[in-house]
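Residue numbers (the working numbering), protein chains in the order written: chain A, 557 to 752; chain B, 557 to 752.
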């Protein structure tokens with residue numbers, strides 16, 4: 557296996573997320589690919605939203621964008637379908653050891669997570685505390701509850717320990733977050749709570 | 557209301573899709589916005605996939621993309637959640653009067669539609685025959701069935717009349733395709749056919 561810049565992958569968990577060219581996004585993409593190939597779920601990362609200003613057409617099939625800008629995303633990064641459930645989430649890394657700054661998630665993304673849950677979807681965030689190398693899945697309901705009941709601008713690590721589901725790093729699938737979703741769905745989401 | 561290029565909107569149905577600056581994509585976006593604002597469903601168009609080659613950073617917050625290319629989409633354009641169902645679809649216009657050329661849909665998009673249905677999602681295409689000004693929703697199951705059972709490279713108009721659901725153009729919501737989904741779900745998708 558080849559890794560970016562020819563560096564050998566160090567599998568020692570404690571220094572795994574240490575800026576070695578691999579990151580959470582790539583690991584989740586690899587996991588989603590595994591889910592897709594093994595026909596477990598259909599979950600994709602949405603393309604980065606870009607506003608195109610200028611396009612050159614040297615030939616009809618070969619348009620070149622010559623001026624464009626990144627837009628602020630209005631939804632989350634990942635969505636798809638698993639066991640009939642609509643799955644929707646955002647993945648974030650933080651170097652903080654003691655808390656996750658809420659500034660990492662835009663207010664319209666919070667609104668989006670709330671709407672998704674209201675319409676019967678399963679929404680959550682995956683947060684990697686890179687310094688302590690811990691990875692958590694936090695249900696959208698718990699995220700919203702925290703925001704509505706706290707003045708703090710960051711979620712303490714202890715809240716993740718208490719409410720989150722610890723995700724392990726494995727060879728395959730890299731980050732098996734759907735296993736956590738199985739638990740979550742059993743406890744919090746009922747199939748028959750869907751509106752008619 | 558203002559329309560592009562200052563042209564007055566002609567509401568005469570027969571010449572509606574006559575290149576007046578409005579198109580199917582815009583109408584679906586407006587419809588999705590209506591669904592979102594009225595808390596009916598959360599369905600968004602995915603951003604167009606773009607490969608970024610060069611970026612200039614005049615300042616940290618103001619990155620300018622100076623070279624980029626359009627990528628072929630590997631999934632469909634629209635997805636989201638409605639009444640707990642994962643919704644996934646593609647919208648296409650054709651000037652053809654008698655059939656819809658399958659070249660309009662990439663083979664990996666067909667595969668994607670198949671996977672979505674297999675995992676309990678609701679997937680379909682919306683096709684607008686612009687010349688005759690008819691708009692249909694065709695369930696993904698019927699699309700796949702046609703492809704698997706025909707040598708033809710286009711779906712005849714008669715197949716849409718027989719299997720599709722005719723969509724009407726209204727003021728609000730512009731194209732109420734979720735009304736068609738209500739029918740579809742009742743007939744073809746059962747809530748309890750979801751895998752465990």
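Note that beta-carbon positions come from the ideal geometry of N, C-alpha and C, so glycine has one too. From a predicted model like this one, the values you see are computed outputs, not experimental measurements.
Between residue i and the rest of its own chain, which residues show a CB-CB distance below 6 Å, the 5 nearest in sequence each way excluded?
i                      : result
residue 667 of chain A : none
residue 695 of chain A : 680 and 740
residue 630 of chain A : 664
Is the CB-CB distance between residue i and residue j below 8 Å?
i                      : j                      : result
residue 642 of chain B : residue 682 of chain B : no
residue 645 of chain A : residue 685 of chain A : no
residue 660 of chain A : residue 651 of chain A : no
residue 637 of chain A : residue 636 of chain B : no
residue 603 of chain A : residue 606 of chain B : yes
Verify the contact flag: residue i, CB atom, against every heavy atom of the ligand ZN, threshold strictly below 7 Å.
i                      : result
residue 733 of chain B : Although the ligand ZN was asked about, the structure shown includes no ligands whatsoever.
Would you tell me roughly how many angstroms separate the C-alpha atoms of residue i and residue j, rounded to the nearest one?
i                      : j                      : result
residue 656 of chain A : residue 619 of chain B : 26 Å
residue 673 of chain A : residue 697 of chain A : 8 Å
residue 699 of chain B : residue 710 of chain B : 11 Å
residue 610 of chain B : residue 598 of chain B : 34 Å
residue 583 of chain B : residue 591 of chain A : 34 Å
residue 577 of chain B : residue 729 of chain A : Confidence at residue 577 of chain B is low in this model, with a pLDDT of 46, below 50, so its placement is unreliable and the value that follows should be read with caution. Residue 577 of chain B and residue 729 of chain A: Cα-Cα distance of roughly 46 Å.
residue 632 of chain B : residue 690 of chain A : 34 Å
residue 702 of chain A : residue 628 of chain A : 24 Å
residue 742 of chain A : residue 654 of chain B : 49 Å
residue 581 of chain B : residue 587 of chain B : 10 Å
residue 688 of chain A : residue 671 of chain A : 32 Å
residue 639 of chain B : residue 725 of chain A : 34 Å
residue 738 of chain B : residue 612 of chain A : 43 Å
residue 708 of chain A : residue 678 of chain A : 25 Å
residue 589 of chain B : residue 669 of chain A : 16 Å
residue 731 of chain B : residue 595 of chain B : 16 Å
residue 706 of chain B : residue 634 of chain B : 27 Å
residue 662 of chain A : residue 593 of chain B : 19 Å
residue 658 of chain A : residue 704 of chain A : 12 Å
Under 7 Å Cβ to Cβ from residue i, same chain only, skipping five residues before and after it: list those, please.
i                      : result
residue 693 of chain A : 680, 682, 720, 721, 723, 733 and 736
residue 715 of chain B : 702
Could you tell me how far apart the beta carbons of residue i and residue j are, in whole angstroms, since I believe they sit closer than 8 Å?
i                      : j                      : result
residue 579 of chain A : residue 601 of chain A : Not quite, the Cβ-Cβ distance comes to about 13 Å (not below 8 Å), so this is no contact.
So, at 8 Å on beta carbons, what are the nonlocal neighbours of residue i in its own chain, with the 5 sequence-adjacent residues on each side left out?
i                      : result
residue 608 of chain A : 621, 623 and 624
residue 727 of chain B : none
- Between the segment 719-729 of chain A and the segment 618-626 of chain A, do at least 3 Cβ pairs fall closer than 8 Å? Between the segment 719-729 of chain A and the segment 618-626 of chain A, the count of Cβ pairs shorter than 8 Å is below three; the stretches do not touch.
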